[in-house]
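Sequential numbering from 1 applies to the sequence shown in the UniProt record's numbering. All C-beta atoms in this analysis are idealised placements derived from N, C-alpha and C, irrespective of residue type, glycine included. Some notes on the structure that comes next.
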Amino acid sequence: MNYLNFVIEELKDPHRNLPRAIFISCVLVTVVYALTIVAFHTTLSVQEVLGAEAVAVIFAERIYGVMAWIVPVFVAMSTFGGVNGILFTSSRLFYAGASFGQMPQILAMIQIKHLTPAPAVIFVTLLSLIYLCSSDIYALINYVGFATWVAIGLAVVCLPYLRWKMPCLARPIKVNLFFPIIYILATLFITFVPMIADPVGTGFGLLIIMTGVPVYFIFVYWENKPKPILKAIDATTLFLQKILVVVPSEVPEHL
Numbered sequence: 001m002n003y004l005n006f007v008i009e010e011l012k013d014p015h016r017n018l019p020r021a022i023f024i025s026c027v028l029v030t031v032v033y034a035l036t037i038v039a040f041h042t043t044l045s046v047q048e049v050l051g052a053e054a055v056a057v058i059f060a061e062r063i064y065g066v067m068a069w070i071v072p073v074f075v076a077m078s079t080f081g082g083v084n085g086i087l088f089t090s091s092r093l094f095y096a097g098a099s100f101g102q103m104p105q106i107l108a109m110i111q112i113k114h115l116t117p118a119p120a121v122i123f124v125t126l127l128s129l130i131y132l133c134s135s136d137i138y139a140l141i142n143y144v145g146f147a148t149w150v151a152i153g154l155a156v157v158c159l160p161y162l163r164w165k166m167p168c169l170a171r172p173i174k175v176n177l178f179f180p181i182i183y184i185l186a187t188l189f190i191t192f193v194p195m196i197a198d199p200v201g202t203g204f205g206l207l208i209i210m211t212g213v214p215v216y217f218i219f220v221y222w223e224n225k226p227k228p229i230l231k232a233i234d235a236t237t238l239f240l241q242k243i244l245v246v247v248p249s250e251v252p253e254h255l
């Protein structure tokens, strides 16, 4: 649901449709999850739920018998759809950052035929494949989850700060401060508790965040780059433009 914000530029009438989409998806997901949990606990015992590695599989075997294979299939389809949606939306973060000069210029370009940020999509895909090199899925979830919560939490902190510092700023979509404050408190709990329980895992999460520092230093902060480095960056950008058939996008005047 939080990924809907990343594609706001591609929505029709986002001032009306974005809040509506978020509200509908929140209610729908809450209802589906609640009914799923009710189904599990009305069919399986507490001991079976606690001792199962995959509760849905045991539930399917109990309910559907020989047709139990349909649950793993639907889970795989759901996972594939989730990955597809995340690649589609997360790439817009890199695209937007590059559009404002916070990342390499190539990531702010779009494919001339499909009008999509193909370099950003490919970059996110490559990052995902690198993460998948880890064989410990639980460690990967902890590392990436911690980094994600920290990043999103810091972004949400900007909301009450800007309400305080810039109260007259135009806000087409305005929410009550109660919601960001609750989210910030939840983020603090989710990030600080793992620091105490698993300092090594959170350390790796911070390390993942810090990998962006050299990228920012080289492509943004370091303005007076030597000519050989500038030529290498320009040559690489031009080469990737030819390979991916992409051009710089037009930035709206209000940005």
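Check residue i in the structure and name its three-state DSSP category.
i	result
residue 243	helix
residue 105	helix
residue 190	helix
residue 110	strand
residue 254	For residue 254, the predicted model reports a pLDDT of 47, less than 50, meaning its position is unreliable and no value from the coordinates is stated.
residue 172	coil
residue 167	coil
residue 13	coil
residue 158	helix
residue 132	coil
residue 219	helix
residue 99	helix
residue 198	coil
residue 39	helix
residue 53	coil
residue 44	coil
residue 226	coil
residue 116	coil
On the criterion of 16 or more Cβ atoms from any shown chain inside 10 Å, does residue i qualify as buried, or is it exposed?
i	result
residue 106	buried
residue 243	exposed
residue 156	buried
residue 60	buried
residue 84	exposed
residue 108	buried
residue 30	exposed
residue 256	Residue 256 lies beyond the range of the chain shown here (1 to 255); nothing can be said about it.
residue 20	exposed
residue 92	buried
residue 79	exposed
residue 90	buried
residue 187	buried
Beta carbon of residue i, beta carbon of residue j: below 8 Å?
i	j	result
residue 194	residue 146	yes
residue 18	residue 152	no
residue 110	residue 7	no
residue 43	residue 24	no
residue 191	residue 150	yes
residue 48	residue 58	yes
residue 201	residue 143	yes
residue 40	residue 55	yes
residue 3	residue 86	yes
residue 134	residue 127	no
What residues are listed by DSSP as bridge partners for residue i?
i	result
residue 180	Answer is none; residue 180 lacks a bridge partner.
residue 248	109
Is there a C-beta anywhere in chain C that falls below 8 Å from the one on residue i?
i	result
residue 103	The chain inventory of the structure shown lacks chain C, comprising one protein chain alone.
Notebook entry, point to check: With contact counted as at least three CB pairs below 8 Å, one residue from each stretch, are the region 90-108 and the region 116-135 in contact?
Noted result: yes
Notebook entry, point to check: So does the region 177-189 actually touch the region 157-164, counting three or more Cβ pairs closer than 8 Å?
Noted result: yes
Next item on the list: Indicate whether the contact test is met: 3 or more Cβ pairs, each with one atom in the region 202-222 and one in the region 102-116, closer than 8 Å.
Entry: yes
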